[in-house]
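Peer 1: Below is a structure I'd like to ask you about.
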Amino acid sequence: MTFLCDVSLGYPRPYIPPSLRRRFFDAYHQHRGIRATQHLICSKTFPIPDERFQNVHIDIVGPLPMDDGFTYIVMMIDRFTRRPEATPIRDITAATVAKTFINTWVSRFGTPDTVTTDRGAQFESELWRHLMILLGSKRIRTTAYHPCANGMVERLHHHMKQALTSSSSNRRWIDQLPLVLLNIRTSFKEDLQCTTTEMVYGTTLALPADFLVKASTIEPGTFVRQLCD
Numbered sequence: 001m002t003f004l005c006d007v008s009l010g011y012p013r014p015y016i017p018p019s020l021r022r023r024f025f026d027a028y029h030q031h032r033g034i035r036a037t038q039h040l041i042c043s044k045t046f047p048i049p050d051e052r053f054q055n056v057h058i059d060i061v062g063p064l065p066m067d068d069g070f071t072y073i074v075m076m077i078d079r080f081t082r083r084p085e086a087t088p089i090r091d092i093t094a095a096t097v098a099k100t101f102i103n104t105w106v107s108r109f110g111t112p113d114t115v116t117t118d119r120g121a122q123f124e125s126e127l128w129r130h131l132m133i134l135l136g137s138k139r140i141r142t143t144a145y146h147p148c149a150n151g152m153v154e155r156l157h158h159h160m161k162q163a164l165t166s167s168s169s170n171r172r173w174i175d176q177l178p179l180v181l182l183n184i185r186t187s188f189k190e191d192l193q194c195t196t197t198e199m200v201y202g203t204t205l206a207l208p209a210d211f212l213v214k215a216s217t218i219e220p221g222t223f224v225r226q227l228c229d
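Per UniProt numbering, the sequence shown starts with residue 1, numbered consecutively.
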């Protein structure tokens, strides 16, 4: 599309055809302004992470049926590798959640650059604010208008709760948790084109089913020749 400009006053003034004036008028007056638009974009998008364990999302699952005194799970997931961690807790006080984050995540993967949470009381507390300052991490809050900003951990939350409360199993959920995590970590991710485990360790894990496969009966000489080929 070509626009003509009036330059008779010494500077260009775009000429807008009558058929387009209403569209231009609406677009101009509906614009939020530069700062408001930048804030809107930042609240709905995240920069693509390029390092492991630098951007972690946290959420709390529960309450679940009490099992050995535990009724909640602190869920944590790395945005880059999709590595999930899940730790049972007995209460959801700020102190308990903060201690769990330190013992489960920070002790294994170090301090992240950003920590994304919802606006739960635990994460809005002074304790959590001081923890972020101590770790040198920036906290990103999801908003009531855009809770899906924490969608990665919310999807994990749904998957985990569904697996642990499945009516097809009579096992205690606290006993199922490690194997559910193993399944998630070793499942192929379409967006990654690999498993979470491969993103973290650079290789696959030996799974329980691998030990049930019959050993190969190939002759040693044939095996050596295949390696040489």
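We treat Cβ as the ideally placed atom computed from N, Cα and C, and that holds for glycine.
Only a predicted model underlies this, so the values are computations on that prediction, with no experimental measurement involved.
Runs of 3 residues minimum, wholly inside the stretch 42-126: which ones carry the beta strand (DSSP E) assignment?
Peer 2: As far as the stretch 42-126 is concerned, its whole beta strand (DSSP E) runs of at least 3 residues are 55-61, 72-78, 84-89, 114-117.
Peer 1: Does DSSP put Tyr11 in a helix, a strand or coil?
Peer 2: In the sequence shown, counting from the first residue as 1, residue 11 sits at position 11. Three-state result, Tyr11: coil.
Peer 1: Determine the direct distance from the alpha carbon of Met75 to that of Thr96, and round the result to whole angstroms.
Peer 2: Here residue 96 corresponds to residue number 96 of the sequence shown, with the count starting at 1. Here residue 75 corresponds to residue number 75 of the sequence shown, with the count starting at 1. Answer to the nearest angstrom: the Cα atoms are 13 Å apart.
Peer 1: From Arg119 to Tyr15, what does the alpha carbon distance come to, in whole angstroms?
Peer 2: The residue labelled residue 119 in the question sits at position 119 within the sequence shown. The residue labelled residue 15 in the question sits at position 15 within the sequence shown. Distance between the alpha carbons of Arg119 and Tyr15: 49 Å.
Peer 1: Leaving out five residues on either side along the sequence, give the residues of the same chain with a beta carbon under 7 Å from the beta carbon of Thr81.
Peer 2: Stepping through the sequence shown from its first residue, residue 81 is reached at position 81. Contacts found: Arg52, Thr196, Met199, Val200.
Peer 1: Under 8 Å by Cβ, that's how I've got Leu164 and Leu177 pegged, so tell me the actual separation to the nearest angstrom.
Peer 2: Taking the first residue of the sequence shown as position 1, residue 164 is located at position 164. Taking the first residue of the sequence shown as position 1, residue 177 is located at position 177. Confirmed, Cβ separation roughly 7 Å.
Peer 1: Would DSSP call Arg155 helix, strand or coil?
Peer 2: Taking the sequence shown and counting its residues from 1, the one referred to as residue 155 is at position 155. Note: Arg155 maps to helix in three-state DSSP.
Peer 1: Can you have a look at His158 and say buried or exposed, based on whether 16 or more other CB atoms are within 10 angstroms of its CB?
Peer 2: As a first step, residue 158 must be located in the sequence shown, where it is residue number 158. That one is exposed.
Peer 1: Tell me the rounded alpha-carbon separation between Gly62 and Leu131.
Peer 2: Walking along the sequence shown from the start, residue 62 turns up at place 62. Walking along the sequence shown from the start, residue 131 turns up at place 131. Between Gly62 and Leu131, the C-alpha separation is close to 23 Å.
Peer 1: For Ile16, does the three-state DSSP call read helix, strand or coil?
Peer 2: If you number the sequence shown from 1, residue 16 lands on position 16. DSSP places Ile16 in coil when its eight states are reduced to three.
Peer 1: Just to check my reading of the structure: Ala94 and Leu134 have Cβ atoms closer than 8 Å, yes? What is that Cβ distance to the nearest angstrom?
Peer 2: Taking the first residue of the sequence shown as position 1, residue 94 is located at position 94. Taking the first residue of the sequence shown as position 1, residue 134 is located at position 134. Going by Cβ atoms, the distance from Ala94 to Leu134 rounds to 14 Å, so no, they are not a contact pair.
Peer 1: For Tyr11, count neighbouring Cβ atoms within 10 angstroms of its own Cβ and tell me buried if that reaches 16, exposed if not.
Peer 2: Position 11 of the sequence shown, counted from the first residue, corresponds to residue 11. So Tyr11 counts as exposed.
Peer 1: Label Val7 either buried or exposed according to how many other C-beta atoms from any shown protein chain fall within 10 Å of its C-beta, with 16 as the threshold for buried.
Peer 2: By 1-based counting over the sequence shown, the position of residue 7 is 7. Its Cβ having fewer than 16 others within 10 Å, Val7 is exposed.
Peer 1: Given Pro65, which residues of its chain have a CB within under 8 Å of its CB, disregarding the five upstream and five downstream residues?
Peer 2: In the sequence shown, the residue the question calls residue 65 occupies position 65. Result list for Pro65: Thr71, Thr165, Trp173, in chain order.
Peer 1: If I measure Cβ to Cβ from Pro147 and keep anything under 8 Å in the same chain, skipping five residues before and after, which residues do I get?
Peer 2: By one-based count along the sequence shown, residue 147 stands at place 147. Summary for Pro147: the model assigns pLDDT 47, below 50, so the residue's position carries little reliability; its value from the coordinates is reported in the next sentence. Same-chain partners within the cutoff: Asp118, Glu154.
Peer 1: What residue range does the beta strand (DSSP E) around Asp6 cover?
Peer 2: Translated into the one-based positions of the sequence shown, residue 6 becomes position 6. Here the beta strand (DSSP E) through Asp6 covers 4-6.
Peer 1: Does DSSP put Arg129 in a helix, in a strand, or in coil?
Peer 2: Numbered from 1 along the sequence shown, position 129 holds the residue referred to as residue 129. Helix.
Peer 1: Is Arg141 helix, strand or coil when you go by DSSP?
Peer 2: As a position in the sequence shown, residue 141 is number 141, starting the count at 1. Arg141 falls in the strand class under three-state DSSP.
Peer 1: How is Thr196 classed by DSSP in three states: helix, strand or coil?
Peer 2: Numbered from its first residue, the sequence shown carries residue 196 at position 196. Helix, per DSSP.
Peer 1: Could you name the residues of the same chain whose beta carbon sits closer than 6 Å to that of Ile140, not counting the 5 residues immediately before and after it, in chain order?
Peer 2: Taking the first residue of the sequence shown as position 1, residue 140 is located at position 140. Excluding sequence neighbours, Ile140 sits near Thr114, Thr116.
Peer 1: Go through its chain and collect everything with a Cβ distance to Pro112's Cβ below 7 Å, but skip five positions before and after it.
Peer 2: Here residue 112 is taken as the residue at index 112 of the sequence shown, counted from 1. The answer, listed in chain order, is Phe53, Gln54, Asn55, Val56, Ser137.
Peer 1: Exposed or buried, which one is residue 231 when buried takes at least 16 other CB atoms within 10 Å?
Peer 2: This structure cannot speak to residue 231, because the chain is shown only from 1 to 229.
Peer 1: Which value, in whole angstroms, describes the spacing of the CA atoms of Arg129 and Ala121?
Peer 2: Counting from one through the sequence shown, the residue named residue 129 turns up at place 129. Counting from one through the sequence shown, the residue named residue 121 turns up at place 121. Rounded to whole angstroms, Arg129 to Ala121 spans 12 Å at the Cα level.
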